[in-house]
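Going by mature numbering (1 follows the signal peptide of the UniProt record, and there is no 0), the letters in the sequence shown line up with residues -21 to -1, 1 to 288, in that order. Yeah, the Cβ is synthetic: ideal placement off N, Cα and C, and Gly gets one too. Here the structure is a predicted model, which is why all the values come from computation and not from measurement. Written below as structure tokens is the structure these notes are about.
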Amino acid sequence: MPSTHWLTSIALATCSMGALAAHAQPRNPVAFEELAHLGDFNPLERRGEPVIGAIRTYTLPFCDNDTDNLGGGGRDWTIAPDTCMKVSTSTSFQIFKVPQCANGTQALLARYEGRDCNYGEITFDGGLVEVADSDLYKCQTVGPRNYTVDEEHASLASFGFYCDGRQSERPLDDDKSKAKKGSVSMNVCPNAAGETRRAPTWEHPAPDECVVALSGWQASIYKAAVCENGKPSRLAKWTTNRFCEGKYDSIEEITDDMIDSCILISAEKHGAMSFYCNGAGLGWALPSKQSVLLLASFWITALAGSALI
């Protein structure tokens, strides 16, 4: 029978190995509790280097330990300037201490498109925000509604604290296309007869993608598509065919006044529309899947109605 001393040694060794294994799994940024012994003093301040900040993240938008059961409550982190936090890490957070830049100034809160802080590029207005003292300990939502009323920024996917900017190279195979899909509904607005027959649905067509427009129905544009070169698309209409074949019947710039308004595409015949950039592929590719389903639903309803007559 093994001695008690031998069993004790095995137990101690096992515990030590477990502790080393746990310590060997770094978290980025470093967990706040691992440096909690520093308190308000940070030795980096003496060397003119960036000063680490502190935040607490939550998986739910309430900043509430009691209701945040998905993540086991809030999680504390230290975060250095110009490091990246993915939105998937949390949907809300509190700032306890704002990181400080090497020159002694306070870092700015930066919000980015893309999950790698957009390779350091801030692409929308209001992307950099100064954190006031009154913002400390308040619940901040990661979503853009906390900072802007412009829903175009719904692609926010990461954040950090900005000093010199995050440096990260884009993948070599990135074609750097700036194209973005638009959003449009063909049944939010009433038809020419003032009827709304279906629950509102939205399509998200890419630039130069065909969208079916039933006769008399109006389009409501929520967001215009963006072309590959970063320029805004234009609204092209076909009033005599529903497959965007041939040259469009009309084309116009999409102004702010047109957003969320009701735009008639074709009054008498089934037509089509597109967020037009260069027209590549139009007339050759099938309309969007939702457009095909909408058209099929129309014909099924029409046939069912005629069968009852």
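If the five residues before and after Glu100 are omitted, its C-beta is found closer than 8 Å to the C-beta atoms of Tyr91, all from its own chain and listed in chain order. It is roughly 12 Å from the alpha-carbon of Arg221 to the alpha-carbon of Asp228. Across the structure, Gln197 and Glu232 are spaced so that their CA atoms are roughly 17 Å apart. For Ser199 and Phe75, the gap between their C-alpha atoms comes out near 43 Å. Excluding the 5 residues flanking it on each side, Gly139 has same chain C-beta neighbours closer than 7 Å at Asp61, Thr62, Cys63, Met64, Ala89, Cys96, Arg145, in chain order.
DSSP lists Ile230, Ser253 as the bridge partner or partners of Ala215. The DSSP-derived three-state label of Asp239 is coil. Judged by DSSP in its simplified three-state form, Gly195 adopts coil rather than helix or strand. Checking the DSSP bridge columns, you'll see Leu88 partnered with Val108, Phe140. As the crow flies, the alpha-carbon of Gln79 is around 27 Å from that of Asp43.
Looking at the DSSP output, Phe72 shares a beta bridge with Thr36, Gln119.
Asn208 counts as exposed, since fewer than 16 other beta carbons sit within 10 angstroms of its beta carbon.
In the three-state reduction of the DSSP assignment, Ser113 falls in the helix class. Taking 8 Å as the cut-off, the Cβ atoms of Ala203 and Gly250 do not count as close.
By DSSP's assignment, Lys202 forms a beta bridge with Ser162.
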